[in-house]
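What follows is a single structure, written as C-alpha cells, with notes after it.
Numbering (this note's numbering), first residue to last: 108 to 487.
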C-alpha cells in the first residue's frame, strides 16, 4: 500500500474543542499509526504540541470569537509550507475555513492533489453564502475531490456546487474504547460545544418539562460536558429557572473521563438540529446509550428511530422521548443492546481505508479534472 504524506489544513484546531478539531487530531493520529505521514496546518494558537505527528501553527491576525484568518497575511506562509513540504495530498477541512480554501487554491497552483471535506450542515444562510462566494472565487470548479462526512451533507454540497461527484468520508472513532461495563444511573448526558448552533439553551429549557412528567423517584441529573462562548449564559438560565439541583456542568473532560461518564448514564441527548454526523453520538452508541436527537440531519445515519433511540422533529417530541426512556429501564436495556451493534463503518480502520482510496483518486484526478457540472448556476 502506498504511504502518503498529507497536509491536513483548516483555520481551527486544538486546543479549541469541537467535533472538527477532534476529528482532525484523530485523523492525523490514525494515519500516522498506519504508516502515513500526516501534518496539521492551522492558525489556532497553542502548543507545545506533543503528538506523534507535526503541527504547524501559522501566526496570523484572527477574527474574534470564530478564530479564522481575517486577512491574507498567512497565505504566503501556507504556500511556502506546501511548496517545501513534499506533500502527496492536501486535505482541507471545513468549507467555511478561509485557510482551507487557500490550501485548495494553492494545491492547484503547485500541482498538488487535493481533497476538501465538509463537516457542517449548509441549510439556509450557509448555502446562500457559499453560492455568492462561488461567483467571486469559483471554488466549486477546483480540481479537488469534494467530500462530506455524511450523505446528508454530501447531498447539500452537490446542490450548492452542481457537482454530482461529491463523495462521503464518514466521521469515525475508536468504538472499542467506549465499550465499558455499564453501571447505569438516572442521568441524561450531553457532550457538546457551548455555542448557539448546538442549542444548549434548548436542552436546559426542556428540563422543567421533563421533571413535570416524571415521578420524583425518576428525576434525572442532566450533565452537560463541554465549554464554549455560551456556557455563562446557559449557567445563568439554570440559576433563573431554579435548576441547580438538577443540572451539572463538568467543563471539558479528558476522553477517558467522558467514557466513564457515559458508562454510568441512562440517556444521551443532543438538542442541535444542524448536525452533519456528530462523533459524540457515534461514541454514545458505542457506549450503549439510547440517544435522543433532532431531525432531519445527519444523525439519522447513526441512529435508527425506535431502535437506537429517538429522532425528534421538535421540542415537544424531544421531551416526550426523554420521558419515555427515563421511565422504562426495560426499553433502555433493549436499545442499549442494539446500539453497540453494526458500528464497523464508523471505526478508524474502515475510515483510514476510505481516506487512502480518496487520496489515490486525487492523485489520478490531478491535471485532468473536469467538473461534471462546473457551476451551481448551471444546475439551478
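For each residue, glycine too, the CB sits at the ideal point set by N, CA and C.
What you are looking at is a predicted structure, and each value in this text was computed from that prediction instead of being measured.
Beta-carbon proximity list for residue i, same chain, < 6 Å, skipping 5 on both sides
| i | result |
| --- | --- |
| residue 487 | At residue 487 the pLDDT is 30, less than 50, meaning the model places this residue with poor confidence; the figure from the coordinates comes in the next sentence. Correct list: empty, nothing qualifies. |
| residue 234 | 267 |
| residue 121 | 128, 132 |
| residue 199 | 116, 207, 210, 211, 223 |
| residue 167 | 150, 176, 180, 181 |
| residue 158 | none |
| residue 247 | 241, 268 |
Close beta carbons around residue i, own chain, < 7 Å, minus the five adjacent residues each side
| i | result |
| --- | --- |
| residue 301 | 307, 333, 334, 335, 336, 337, 338, 341 |
| residue 169 | 150, 175, 176, 177 |
| residue 99 | As shown, the chain starts at 108 and ends at 487. That puts residue 99 outside it, with no answer to give. |
| residue 258 | 275, 408 |
| residue 186 | 213 |
| residue 190 | 217 |
| residue 479 | In this predicted model, residue 479 has a pLDDT of only 40, less than 50, meaning its place in the structure is not dependable enough to derive any value. |
Residues near residue i by beta carbon distance below 8 Å, same chain, minus five either side
| i | result |
| --- | --- |
| residue 328 | 292, 293, 294, 295, 353, 354, 355 |
| residue 161 | 146, 147 |
| residue 290 | 370, 371 |
| residue 430 | 317, 320, 321 |
| residue 260 | 225, 226, 227, 228, 229, 383, 384, 405 |
| residue 472 | 220, 250, 252 |
| residue 326 | 293, 318, 353 |
| residue 439 | 291, 373, 374, 397, 432 |
| residue 442 | 397, 414, 415, 416, 432 |
Opposing strand residues paired with residue i [DSSP bridges]
| i | result |
| --- | --- |
| residue 358 | 332 |
| residue 468 | Beta-bridge pairing links residue 468 to no other residue. |
| residue 225 | 255 |
| residue 149 | 164 |
| residue 294 | 328 |
| residue 377 | 400 |
| residue 199 | 116, 223 |
| residue 510 | The displayed coordinates of the chain run from 108 to 487. Any statement about residue 510 would go beyond what the structure contains. |
| residue 274 | 254 |
| residue 454 | 280 |
| residue 192 | Beta-bridge pairing links residue 192 to no other residue. |
| residue 418 | 400 |
| residue 412 | 416 |
| residue 144 | 112 |
Closest residue to residue i among the options (Cα-Cα distance)
| i | options | result |
| --- | --- | --- |
| residue 362 | 422, 420, 446, 287 | 287 |
| residue 381 | 273, 303, 360, 314 | 303 |
| residue 488 | 188, 384, 383, 418 | Since the first residue shown for the chain is 108 and the last is 487, residue 488 is missing from the structure and cannot be characterised. |
| residue 444 | 124, 396, 379, 249 | 396 |
| residue 172 | 451, 188, 118, 441 | 118 |
| residue 140 | 124, 394, 110 | 110 |
| residue 331 | 346, 269, 368 | 368 |
| residue 153 | 159, 130, 124 | 124 |
| residue 313 | 386, 376, 364 | 376 |
| residue 97 | 239, 297, 155 | Since the first residue shown for the chain is 108 and the last is 487, residue 97 is missing from the structure and cannot be characterised. |
| residue 448 | 400, 465, 323, 390 | 390 |
Whole-number beta carbon distance between residue j and residue i, since they are thought to touch under 8 Å
| i | j | result |
| --- | --- | --- |
| residue 196 | residue 221 | 7 Å |
| residue 94 | residue 433 | For the chain, the structure presents residues 108 to 487; residue 94 sits outside this window and is missing. |
| residue 136 | residue 113 | Contact doesn't hold; Cβ gap of about 12 Å is too wide. |
| residue 316 | residue 184 | Not quite, the Cβ-Cβ distance comes to about 51 Å (not below 8 Å), so this is no contact. |
| residue 180 | residue 284 | Contact doesn't hold; Cβ gap of about 40 Å is too wide. |
| residue 379 | residue 299 | 7 Å |
| residue 243 | residue 255 | Between residue 255 and residue 243 the Cβ distance is about 23 Å, and since that is not below 8 Å, they are no contact. |
### At least 3 beta-carbon pairs within less than 8 Å: the region 444-460 vs the region 275-285
yes
### Query
Pairing CB atoms from the region 358-373 with CB atoms from the region 181-199, are three or more of them under 8 Å?
no
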